[in-house]
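This report refers to the structure that appears directly beneath it.
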Amino acid sequence: GLQEQLKRDQVDHQLILDQHEDAVDVFKRKIAEAEAEHDQTKQELEALRTEMEQAKNQREKEQQQQQSATTSSEAASTEQITVLENELKEMTEKYNGAVDEIAELKEPAEVPKSAAAMFDTILEEKEEEMAQMRKQLETALEEKAVLEKTLHEQTDSSKKRHVQESADAVVGADDASADAEDVAIPSGDSEDPPGTKRRKLGGTKAET
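Using this note's numbering, the first residue of the sequence shown is number 8, and each one after it goes up by one.
Structure (structure tokens):
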């Protein structure tokens with residue numbers, strides 16, 4: 008009778024609660040996995056930004072010391088920029104992957120709407136963190152562009168200096184042949200060292 012009906016209702020109610028709890032556990036686990044991936048990506052991005060800052064400082068130090076760029080140093084700088092560019096590409100792919108994963112977690116099919124609403128605040132906070140990551144990516148792209156522009160400027164300046172030195176050497180040789188007692192001394196570098204002024208370039212925004 009009535010007691011049996013109450014027992015059946017109790018069993019059904021407990022089953023619903025268990026299913027709901029299982030769905031919430033699945034959702035929590037996915038949130039935790041996404042947060043772990045996000046933290047790792049953020050750490051890698053910070054390490055990359057530090058490495059690029061060190062490369063920029065090294066380039067500025069070389070300019071202040073007025074060191075002429077050699078073929079080997081130019082090749083090393085170019086290789087370093089290429090490596091950083093590839094790492095930036097990988098970071099952007101990880102970032103976009105994390106954004107897609109969070110978007111999928113916003114409306115999981117296996118979680119009731121009431122359970123999903125409980126985690127709206129968590130998702131909003133993660134989206135804000137992702138926006139910060141996007142700004143850091145843009146900053147890193149700007150720094151890479153400045154470093155690359157500086158390398159090109161130094162390369163052009165080095166080529167001009169070599170041409171001037173060759174021209175001076177030819178003039179000195181001609182003067183020596185015309186008058187052995189009046190030998191022209193090559194002037195050497197007549198061009199000022201490359202300047203340190205750099206133009207700020209805009210970064211490329213990562214699509215989300």
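Backbone N, C-alpha and C define an ideal beta-carbon position, used for all residues, glycine too.
Nothing here was measured: the structure is a model prediction, and the numbers come from that model.
- Annotation: the continuous alpha helix (DSSP H) that includes Gln-12 extends over 9-71.
- When rounded, the separation of the alpha-carbon atoms in Phe-34 and Glu-28 is 10 Å.
- Linking Ala-152 to Asp-46 through their CA atoms gives a straight-line distance of about 26 Å.
- With contacts defined by Cβ atoms closer than 8 Å, Ala-62 and Leu-154 form a contacting pair.
- Cβ-Cβ distances below 6 Å link Lys-101 to Thr-48 in the same chain, with the five nearest sequence neighbours on each side left out; the list follows chain order.
- CA-CA distance, Val-31 to Glu-135, rounds to 23 Å.
- If you draw a straight line from the Cα of Gln-12 to the Cα of Glu-111, it comes to about 41 Å.
- Here the alpha carbon of Glu-51 sits roughly 12 Å from the alpha carbon of Lys-96.
- In terms of Cα proximity to Glu-81, the closest of Glu-40, Leu-158 and Gln-17 is Leu-158.
- Ile-109 is a Cβ neighbour of Ala-41, given a cutoff of 8 Å.
- Asn-93 has its alpha-carbon roughly 16 Å from the corresponding atom of Glu-60.
- Lys-133 counts as buried, since no fewer than 16 other beta carbons sit within 10 angstroms of its beta carbon.
- The alpha-carbon separation between Ser-84 and Val-90 amounts to approximately 10 Å.
- If you draw a straight line from the Cα of Leu-55 to the Cα of Gln-143, it is about 10 Å long.
- With a 10 Å radius around the Cβ and a threshold of 16 neighbouring Cβ atoms, Glu-86 comes out exposed.
- Inter-residue distance for Ile-88 and Glu-58 is about 11 Å (C-alpha atoms, whole angstroms).
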